[in-house]
Structures are given as C-alpha cells and as structure tokens.
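S.K.:
Have a look at this one:
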C-alpha cells in the first residue's frame, strides 16, 4: 500500500488465510504491543497470546498466521527483507527509544512539530502515528536523544569521544544491572584505550 497513490485509507482489517479479521488500529494499542514485546518479565508464549489479544477482537484459529498478520500490521505493511534481518542480527538489539521512558519527549515533539496534543487525541491510526513519529525533525530533543544513544564511540574522533560518552550517559535508557555494567566497561575501555575482548 502506498498512501500517496492509494485512496483506500489505512487498513482496519488483517487477512488471515484469506479471511478478514477486524484489528485494533489505534496507535495506543501498538505502543502497548511494543512495550509488551520489550518486557523481559514475560516469556515468548505469553507475549504471543497477549499480543494477539491486544490486536484481535476475535483471534483467528491459525495462530501462526495471526501472528504474521499482527506483525505485518505493526510494521505498517512493510515486509522485512532477508538483508534487513541479517543487518538487524549483526547490529544487535540496540534500543534508541522507549515509549515508556521517552513518553514526555515524544509528547513534546508531536506538539512542537505537528501541533498535535497526543493527550487530546482519542484516535489516530497506528500507521499515521508511525509515519509522523519517524519523520520528527532533527532539532527536537527526542530525536537528539536517539542520535546520542545510537552513536558508536569507537567511530567518533578522539577529541569528541568524551563529550559523546557524556551525552550517551545523560540520555541513556535504563538497562538491566548486568547490561549497565557491560556498557560502562565498554565505554571506559574505549575512552582509555583498554582491551575490549570479552566485552563485545
């Protein structure tokens, strides 16, 4: 679907084995879905079941196909190519934003960039929200925070490593204690020219 040339509107149903199923399309549903998927306290089976319950008022019998349909909707109709999958695996799971911890920044960014007060919005289709979210201007604090989080200190010129390291710590998302210790050790090794073996 191309929103610039298709006049069918955003989808409000998912097709599972040739049958149409109503799907909950409000942006808040998909934000809850993403937060749930990032919850380390839930096992995979629970995430699948809760995710299907979030999206489908009536869950299709073919659970595997239903999961595929839900993920298709969550990805805004974009199919993940093999190259994208490989690159994601190689890059690891570096999270640069959180709907939970960046809620205030995201709220402010939408208000400043689009004059949309997300508190006042009862309904916005997830795809519309996501397109706007991905196009927030670079000068808003939320986008700057994502940029600092994504910086790889080993690729930053020597004279700027300390400053970028400080920004990464200032805007860092909360990590598990184990991951926090590992990240700190990596940053210290990079800043002091130490050994990275066993840390990456």
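In our numbering, the protein residues as written are 2 to 201. Heads up, the beta-carbon is just placed ideally off N, CA and C, and yes, glycines get one too. Predicted model, so just to flag it, every value in this text is computed and none were measured.
#1: Taking residue 57 as the reference, which of 45, 145, 120, 14 has the closest Cα?
#2: Once you ignore the five residues that flank residue 115 on each side, which residues in its own chain have a CB closer than 7 Å to its CB?
#3: Hey, would you say residue 141 sits closer than 8 Å to residue 110, going by beta carbons?
#4: For residue 4, collect the residues of the same chain with a Cβ closer than 7 Å to its Cβ; drop the 5 residues on either side in sequence, then sort them by chain order.
#5: I'd like the span of the beta strand (DSSP E) that includes residue 21, first residue to last.
#6: Report yes if the C-beta distance between residue 25 and residue 55 is below 8 Å; otherwise report no.
#7: Over what stretch of residues does the beta strand (DSSP E) that includes residue 17 continue unbroken?
#8: Leaving out five residues on either side along the sequence, give the residues of the same chain with a beta carbon under 8 Å from the beta carbon of residue 63.
#9: Are the region 21-37 and the region 123-137 in contact at 8 Å, needing three or more beta carbon pairs?
#10: Put residue 27 into one of helix, strand or coil per three-state DSSP.
#11: Does the beta-carbon of residue 46 have 16 or more other beta-carbons within 10 angstroms, so that it is buried, or is it exposed?
#12: Around the C-beta of residue 6, are 16 or more other C-beta atoms found within 10 angstroms, so that it is buried, or is it exposed?
#13: Just to check my reading of the structure: residue 154 and residue 191 have Cβ atoms closer than 8 Å, yes? What is that Cβ distance to the nearest angstrom?
#14: Going by the beta-carbon positions, is the gap between residue 36 and residue 101 smaller than 8 Å?
#15: Under 7 Å Cβ to Cβ from residue 66, same chain only, skipping five residues before and after it: list those, please.
#16: Report yes if the C-beta distance between residue 98 and residue 147 is below 8 Å; otherwise report no.
#17: How should residue 203 be labelled, buried or exposed, when 16 other C-beta atoms within 10 angstroms of its C-beta is the threshold for buried?
#18: What does DSSP give as the partner residue(s) for residue 126 in the beta ladder?
M.R.: Inspection of the coordinates gives the following:
#1: 14
#2: 133
#3: yes
#4: none
#5: 20-23
#6: yes
#7: 14-17
#8: 17, 18
#9: yes
#10: strand
#11: exposed
#12: exposed
#13: 5 Å
#14: yes
#15: 17, 18
#16: yes
#17: With the chain running from 2 to 201 in the structure shown, residue 203 is simply not present.
#18: 27
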